[in-house]
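**Student:** Keeping their order, the protein sequence lines are chains G and P. Everything in the first sequence is counted per my numbering, starting at 21 for the first residue and increasing by one. Everything in the second sequence is counted per my numbering, starting at 80 for the first residue and increasing by one. Beta carbons: idealized from backbone N, C-alpha and C, even for Gly. From a predicted model like this one, the values you see are computed outputs, not experimental measurements. The structure is given below, and queries will be raised subsequently.
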Amino acid sequence: MPELQGQCMCGAVTVTATPARDALGACHCDMCRRWSSSAFVSFPAEPGYAALGPVRTYTSSDWAERAFCEECGSALWYRITLPGEMHGQTQMAAGLFDNAADSEIKLELYIDKKPEGYTFEGERRQMTEAEVIAAYAPEAEGNA
Amino acid sequence: MSARAGQCMCGEVRFTAQDVPQEFGTCHCKMCQRWLGSAFLGVTIAEKNLSWQGEDNIATLQSSGWAERAWCSKCGTGLWYRVTADGPLNGNYEIPIGIFDDAEGFKMTREIFIDRKPDAFAFQGEHELLTEAQVFALYGPTTEGA
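Structure below.
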């Protein structure tokens, strides 16, 4: 995948990242819903991504943090902080990049938490909260 | 129309809203994409019907010549888009539907800046669709962004 250049809404933060896969994920968990107004749409970034500017992080759970631009509030990424094999894995907000990184949504997480007021058209793999927790965080409770 | 309450992701900022419509709109402009990761799904609420708590944690930015955006300075959650320019839209807040404690009971009726929507997704169902040019023709002498 090619390296992509993106930026937050106000331009204070610029991001350079390479998608690890040509696929976007949409997370419907309660925390992502509040953070994004609907679903958090993102791609997995290769290690070594870079951000310049006033990045602020918020520890949103015992296993992850979320980064945003201090000057405009733009959501930047979700990153696993828990030690272990997933440590450092980062989901980069698609909207920072042209045409959402030229990719498409291929996975929806926490689909059972999605409000009825909006639905992404088409068919793709979907996982419920229970399926997500069983697959990624059997020891964890609640959402991310 | 009903009363609803909500909060940002971390809970530092809370609000209550009266007369909340069920119908909401989605904005696909590039500023909204960059702000929230995909699109801004927001419901229009009059200023007089909103009450905020935790205001010390509300940060704002005049994001264009005619509008302001606010977010929680602790967790980054977007709180509102508000037209600051004089005119019929002044005094209305666009509140993200995702920050309501109960995000059910809303219905998407319109998508604006539809020509800026990425190819990554589309929302199911029939909605009124407005292009960037149509939005500017309707709402003002603006030339860029939103």
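Can you pull out the residues from the region 39 to 62 of chain G whose beta carbon lies closer than 9 Å to at least one beta carbon of chain P?
**Tutor:** Listed by position along the chain: Leu44, Ala46, Asp50, Met51, Cys52, Arg53, Arg54, Trp55, Ser56, Ser57, Ser58, Ala59, Phe60, Val61 and Ser62.
**Student:** Would you please state the rounded distance, in angstroms, between the beta carbons of Thr156 (chain P) and Trp55 (chain G)? I believe it to be under 8 Å.
**Tutor:** Along the second sequence, read from residue 1 onward, the residue named residue 156 (chain P) stands at position 77. Along the first sequence, read from residue 1 onward, the residue named residue 55 (chain G) stands at position 35. The pair is a contact, with the Cβ atoms about 5 Å apart (cut-off 8 Å).
**Student:** Step through the CB atoms of chain P and report whether any lies within less than 8 Å of the CB of Ala37 (chain G).
**Tutor:** In the first sequence, counting from the first residue as 1, residue 37 (chain G) sits at position 17. Chain P contact via Cβ: absent.
**Student:** Got a sec: which bits of the region 143 to 161 of chain P sit with their beta carbon under 9 Å from any beta carbon on chain G, in order along the chain?
**Tutor:** Listed by position, the residues of the region 143 to 161 of chain P near chain G (Cβ gap below 9 Å) are Arg148, Ala149, Trp150, Cys151, Ser152, Lys153, Cys154, Gly155, Thr156, Gly157 and Leu158.
**Student:** Taking CB distances under 8 Å as the criterion, tell me whether Leu127 (chain G) reaches chain P.
**Tutor:** Taking the first sequence and counting its residues from 1, the one referred to as residue 127 (chain G) is at position 107. So no, Leu127 (chain G) is outside the interface.
**Student:** What residue from P:Gly121, P:Val92, P:Leu217 and P:Lys196 has the CA that sits closest to Gly166 (chain P)'s CA?
**Tutor:** In the second sequence, counting from the first residue as 1, residue 166 (chain P) sits at position 87. The shortest C-alpha separation from Gly166 (chain P) is found at P:Leu217.
**Student:** For Pro22 (chain G), is the classification buried or exposed, using 16 other Cβ atoms within 10 angstroms of its Cβ as the cut-off for buried?
**Tutor:** Within the first sequence, the letter at position 2 stands for residue 22 (chain G). Pro22 (chain G) should be labelled exposed.
**Student:** Counting Cβ pairs, one atom from each stretch, are 3 or more of them under 8 Å apart for the region 39 to 47 of chain G and the region 118 to 125 of chain G?
**Tutor:** Result yes; three or more Cβ-Cβ pairs closer than 8 Å.
**Student:** Check Tyr218 (chain P) in the structure and name its three-state DSSP category.
**Tutor:** Numbered from 1 along the second sequence, position 139 holds the residue referred to as residue 218 (chain P). Tyr218 (chain P): helix per DSSP, three-state reduction.
**Student:** 8 Å is my cut-off, CB to CB: does Glu149 (chain G) come that close to chain P?
**Tutor:** Reading the first sequence from its first residue, position 129 is the one you call residue 149 (chain G). Output row for Glu149 (chain G): interface = no.
**Student:** Val92 (chain P): which of P:Ala199, P:Ala149 and P:Gln132 sits nearest, CA to CA?
**Tutor:** In the second sequence, counting from the first residue as 1, residue 92 (chain P) sits at position 13. Of the listed residues, the one whose Cα sits closest to Val92 (chain P) is P:Gln132.
**Student:** From the DSSP output, in three-state form, read off Gln213 (chain P) for me.
**Tutor:** The residue given as residue 213 (chain P) occupies position 134 in the second sequence. The answer is helix: DSSP assigns Gln213 (chain P) an H, G or I state.
**Student:** Give the secondary structure of Ala150 (chain G) by DSSP, where H, G and I count as helix, E and B as strand, and everything else as coil.
**Tutor:** What you label residue 150 (chain G) is simply residue 130 of the first sequence in a count that begins at 1. Residue state, collapsed to three classes: helix.
**Student:** Once DSSP output is grouped into helix, strand and coil, what is the label at Tyr78 (chain G)?
**Tutor:** As a first step, residue 78 (chain G) must be located in the first sequence, where it is residue number 58. Strand, per DSSP.
**Student:** Assuming contact is defined by CB atoms lying nearer than 8 Å, are Val99 (chain P) and Ser117 (chain P) in contact in what I supplied?
**Tutor:** Along the second sequence, one-based indexing puts residue 99 (chain P) at 20. Along the second sequence, one-based indexing puts residue 117 (chain P) at 38. Result no, Cβ atoms of Val99 (chain P) and Ser117 (chain P) do not sit closer than 8 Å.
**Student:** Between which residues of its own chain and Ala84 (chain P) is the CB-CB distance below 8 Å, once the five residues before and five after are set aside?
**Tutor:** Locating residue 84 (chain P) in the second sequence gives position 5, counting from the first residue. Excluding positions up to five away in sequence, the list reads Arg93, Phe94, Thr95, Ala96, Phe179 and Asp180.
**Student:** Quick check: the Cα distance between Glu183 (chain P) and Thr123 (chain P), rounded to an integer number of angstroms?
**Tutor:** Looking up residue 183 (chain P) in the second sequence gives position 104. Looking up residue 123 (chain P) in the second sequence gives position 44. So the two alpha carbons sit approximately 16 Å from each other.
**Student:** Just mark Pro67 (chain G) as buried or exposed, buried being the case when its beta carbon has 16 or more other beta carbons within 10 Å.
**Tutor:** Looking up residue 67 (chain G) in the first sequence gives position 47. Its Cβ having fewer than 16 others within 10 Å, Pro67 (chain G) is exposed.
**Student:** For Glu85 (chain G), go through chain P and note every residue whose CB falls closer than 9 Å to its CB, in chain order.
**Tutor:** Within the first sequence, numbered from 1, the residue matching residue 85 (chain G) stands at position 65. Within chain P, no residue comes near Glu85 (chain G); the closest Cβ sits about 10 Å away, beyond 9 Å.
**Student:** Glu91 (chain G) and Pro74 (chain G): beta carbons closer than 8 Å?
**Tutor:** On the first sequence, position 71 is the one that residue 91 (chain G) refers to. On the first sequence, position 54 is the one that residue 74 (chain G) refers to. Yes.
**Student:** Between which two residues does the alpha helix (DSSP H) carrying Trp55 (chain G) extend?
**Tutor:** Walking along the first sequence from the start, residue 55 (chain G) turns up at place 35. Taken as a continuous stretch (DSSP letters only), the alpha helix (DSSP H) holding Trp55 (chain G) covers Asp50 to Ser56.
**Student:** Closer than 7 Å by C-beta to Val214 (chain P): which residues in its own chain qualify, once you throw out the five before and the five after it? Chain order, please.
**Tutor:** Residue mapping note: residue 214 (chain P) aligns to position 135 of the second sequence, counting from 1. Excluding positions up to five away in sequence, the list reads Ile191 and Phe192.
**Student:** By a C-beta neighbour count over all protein chains shown, 10 Å radius and 16 as the cutoff for buried, is Gln203 (chain P) buried or exposed?
**Tutor:** Against the second sequence, residue 203 (chain P) aligns to sequence position 124. Classification of Gln203 (chain P): exposed, given that the 10 Å Cβ count is below 16.
**Student:** To the nearest angstrom, how far is the alpha carbon of Gln111 (chain G) from that of Ala212 (chain P)?
**Tutor:** Mapped onto the first sequence, residue 111 (chain G) falls at position 91. Mapped onto the second sequence, residue 212 (chain P) falls at position 133. Going by the C-alpha atoms only, they are around 33 Å apart.
**Student:** Let's see if you can read the secondary structure: which residues bound the alpha helix (DSSP H) around Cys151 (chain P)?
**Tutor:** As a first step, residue 151 (chain P) must be located in the second sequence, where it is residue number 72. It is not in any alpha helix (DSSP H) - Cys151 (chain P) instead sits in the beta strand (DSSP E) that spans Ala146 to Cys151.
**Student:** Please list, in chain order, the chain P residues whose beta carbon lies closer than 9 Å to that of Glu27 (chain G).
**Tutor:** Translated into positions along the first sequence, residue 27 (chain G) becomes position 7. The question names Glu, but residue 27 (chain G) in the sequence shown is Gln. Ordered by position in chain P, the residues that pass the 9 Å Cβ test against Gln27 (chain G) are Arg113.
**Student:** Would you say the region 105 to 115 of chain P touches the region 26 to 36 of chain G, given that touching needs at least three Cβ pairs under 8 Å?
**Tutor:** Touching, yes, given that three or more Cβ pairs across the two stretches are closer than 8 Å.
**Student:** Would His107 (chain P) be called buried (16 or more neighbouring beta carbons within 10 Å of its own) or exposed?
**Tutor:** Taking the second sequence and counting its residues from 1, one reaches residue 107 (chain P) at position 28. Looking at its Cβ environment, which holds 16 or more other Cβ atoms inside 10 Å, His107 (chain P) is buried.
**Student:** To the nearest angstrom, how far is it from the Cα of Gly219 (chain P) to the Cα of Glu151 (chain G)?
**Tutor:** For the purposes of this step, residue 219 (chain P) is identified with residue 140 of the second sequence, where counting begins at 1. For the purposes of this step, residue 151 (chain G) is identified with residue 131 of the first sequence, where counting begins at 1. Each residue's Cα considered, the two are about 47 Å apart.
**Student:** Go ahead and label Arg102 (chain P) buried or exposed: buried means 16 or more other beta carbons lie within 10 angstroms of its beta carbon, across all protein chains shown.
**Tutor:** Taking the first residue of the second sequence as position 1, residue 102 (chain P) is located at position 23. The question names Arg, but residue 102 (chain P) in the sequence shown is Glu. That one is exposed.
**Student:** Give a yes or no on whether 8 Å exceeds the smallest Cβ distance from Pro100 (chain P) to chain G.
**Tutor:** As a first step, residue 100 (chain P) must be located in the second sequence, where it is residue number 21. Answer no: the Cβ-Cβ gap between Pro100 (chain P) and chain G never drops below 8 Å.
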